[in-house]
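Notes for the one structure printed next.
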Amino acid sequence: HAVCTNMFDGVMIKGDHYGDGEICPALEAALLNAFGVKMGWSMKRHATCIVQQEGALKVPYATHAAPFLDKICRVGSQYLILLEDGTFALENSRQLEERFKPETYKCFLADAQGKPLEEWYATRSFAETLCRDPSMRSYEKMDLYADPSECPPSVYNLWTPMPCESWDVTQADPASEHVSAFRRHIRILSDHDESVAEHIELWIAHMLHYPSIKPQSWIVLMSEEGAGKGTLVRLVGLLVGASKVKEISSVKRSLLGSFNQAMLDAFFVVLNEAEDVFKLQEELKHMITESTLAVNQKNEKEVKLRNYARFLLTSQPKAAPTKRGDRRATLVRAS
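As structure tokens, then:
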């Protein structure tokens with residue numbers, strides 16, 4: 123039989139051979155006789171038929187919905203969507219209808235065999251059909267669990283693993299030029315003060331090793347433009363994951379205003395030249411220290427989540443208000 127196309131885990135052959143039952147045994151015998159390889163082969167039927175309907179080329183609902191069902195789930199009466207940049211959006215059915223309006227015209231609302239989805243009420247809208255799909259994952263609520271083993275089955279865990287968690291640390295070389303460059307960069311930001319540099323290194327290490335334990339302090343990096351504050355943020359982002367880094371320019375608007383959706387899955391919060399931050403230190407204190415946090419999104423109910431956020435403030439060199447016994451802020455003047 124002629125091979126039509128090589129596939130990821132097999133081959134596509136020309137013709138309809140579902141009924142003859144000869145190909146798989148022949149392949150198994152050939153591999154065994156020629157190479158001594160004992161491997162089982164099976165025929166996979168096509169499940170991605172294309173349907174021509176009313177002049178438009180469409181695919182069955184089951185095929186079209188599969189990638190969406192991997193990224194969306196029902197949480198209470200709302201829907202949580204994992205976006206392309208790794209962040210989340212929490213939407214109601216009306217917002218979901220607006221988001222997925224174009225998908226209705228790409229999809230034939232039927233199962234893989236082309237039969238109407240009457241048993242669970244298919245509709246004329248892709249979004250509404252998706253919401254009624256019994257295979258959609260469903261949870262009572264959402265929360266953040268840095269240790270996934272502690273998350274109950276009825277709770278959707280907003281925490282995504284950090285990239286560094288998958289690295290093989292046994293292959294790491296602490297004496298490599300890359301580690302030296304990273305540590306040298308921190309020393310420049312520490313004005314070459316070894317004790318300050320060690321504190322920043324330990325603060326970052328604590329973030330990676332103990333993500334579920336808040337450090338109860340924040341770091342304020344003060345320097346002229348070009349000292350490398352942004353580079354440090356990018357490097358830490360490579361360790362923890364870009365979606366966990368939230369860069370804020372207005373504390374009053376983004377964190378302490380009516381809506382603070384940036385804190386939905388925040389882990390490393392960078393306050394970039396936030397002019398209002400020193401005036402609002404007391405208001406920020408509970409975000410820095412408390413283990414839970416109320417998150418408010420526009421037109422949505424308030425949700426209370428575990429709070430693992432670490433805070434780093436970057437600022438131009440100037441006087442920073444502090445007092446004797448201040449245990450919250452580490453003020454660092456860069457070289």
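Positions 123 to 457 (my numbering) are the ones given, in order, by the sequence shown. Glycine included, C-beta positions come from ideal geometry on N, C-alpha and C. Quick caveat, the model's predicted, so the values are computed rather than measured.
What number of angstroms, rounded off, separates the C-alpha of glutamate 250 from the C-alpha of arginine 428?
So the two alpha carbons sit approximately 31 angstroms from each other.
In or out: histidine 408 buried (at least 16 other Cβ within 10 Å) or exposed?
Within a 10 Å sphere around the beta-carbon of histidine 408 sit fewer than 16 other beta-carbons, which makes this residue exposed.
Given a cut-off of 7 angstroms, decide if phenylalanine 433 and tryptophan 100 are closer than it, judged by their beta-carbon atoms.
Missing from the structure shown is residue 100; the chain here goes from 123 to 457 and no further.
Check each candidate in Cys146, Asn155, Ala184 and name the one with the smallest Cα separation from lysine 166.
Cys146
Would you mind stating whether tyrosine 201 and glutamate 213 have Cβ atoms separated by less than 7 angstroms?
yes
Sort Ala364, Lys420, Glu412 by Cα distance to asparagine 382 and report the nearest one.
Among Ala364, Lys420, Glu412, the Cα nearest to that of asparagine 382 is on Lys420.
Do the CB positions of tyrosine 205 and methionine 258 come within less than 7 angstroms of each other?
Here residue 205 turns out to be leucine, not tyrosine, going by the sequence shown. No. Outside cutoff.
I need the straight-line Cα distance from alanine 349 to leucine 311, nearest angstrom please.
7 angstroms
Are the beta-carbon atoms of methionine 344 and serine 437 separated by less than 7 angstroms?
yes
Neighbour flag for glycine 379 against chain C, beta carbons, 7 angstroms
The structure shown contains no chain C; it is built from a single protein chain.
Status (buried if at least 16 other CB within 10 Å, exposed otherwise) for lysine 366
Under this definition lysine 366 is a buried residue.
Residues that proline 182 bridges to, as DSSP identifies them:
Phe230
CB-CB under 8 angstroms to threonine 226, same chain, minus the five flanking residues each way: which ones, in chain order?
The answer, listed in chain order, is Arg246, Ser247, Phe248, Ala249.
Residue range of the beta strand (DSSP E) that includes alanine 416:
414-417
Spell out a yes or no on whether the region 258-267 and the region 288-302 are touching, meaning 3 or more CB-CB pairs, one atom from each, closer than 8 angstroms.
no
Between the Cα of valine 362 and those of Leu378, Lys228, Asp387, spot the shortest distance and give me the residue it belongs to.
Asp387
Give every residue of the same chain whose Cβ lies closer than 8 angstroms to the Cβ of valine 417, excluding the five residues on either side of it in the sequence, and list them in chain order.
Asn382, Gln383, Met385, Leu386, Glu424, Val425, Lys426, Leu427
Give me, in chain order, the residues of the same chain whose beta-carbon lies closer than 6 angstroms to that of alanine 319; leave out the 5 immediate sequence neighbours on both sides.
Ile308, Arg309, Ser312
Identify whether threonine 436 lies in helix, strand or coil by the three-state DSSP scheme.
strand
CB of cysteine 253 within 7 angstroms of CB of lysine 180, strictly:
Taking a C-beta distance under 7 angstroms as the contact criterion, cysteine 253 and lysine 180 do not qualify as a contact pair.
Can you check whether the CB of leucine 453 is closer than 7 angstroms to the CB of valine 373?
At the C-beta level, valine 373 and leucine 453 stay beyond 7 angstroms of one another.
CB valine 399 to CB lysine 368, shorter than 7 angstroms?
In this structure, valine 399 keeps its C-beta atom at 7 angstroms or more from the C-beta atom of lysine 368.
Own chain, CB closer than 7 angstroms to glycine 177, minus 5 neighbours either side, in chain order
Because the pLDDT at glycine 177 is just 46, under 50, the model does not fix this residue reliably, and the value given afterwards should be weighed accordingly. Excluding sequence neighbours, glycine 177 sits near nothing in its chain.
Applying the criterion that 16 or more other CB atoms from any shown protein chain within 10 Å of the CB defines a buried residue, is phenylalanine 389 buried or exposed?
The residue is buried, with at least 16 neighbouring Cβ atoms inside 10 Å.
In or out: proline 443 buried (at least 16 other Cβ within 10 Å) or exposed?
Answer is exposed; the Cβ neighbour count stays below 16.
Can you list, in chain order, the residues of its chain with a C-beta nearer than 6 angstroms to that of glutamate 150? Leave out the 5 residues immediately preceding and following it.
Hits under 6 angstroms: Trp163.
Out of curiosity, what's the CA-to-CA distance linking proline 224 and lysine 445?
57 angstroms
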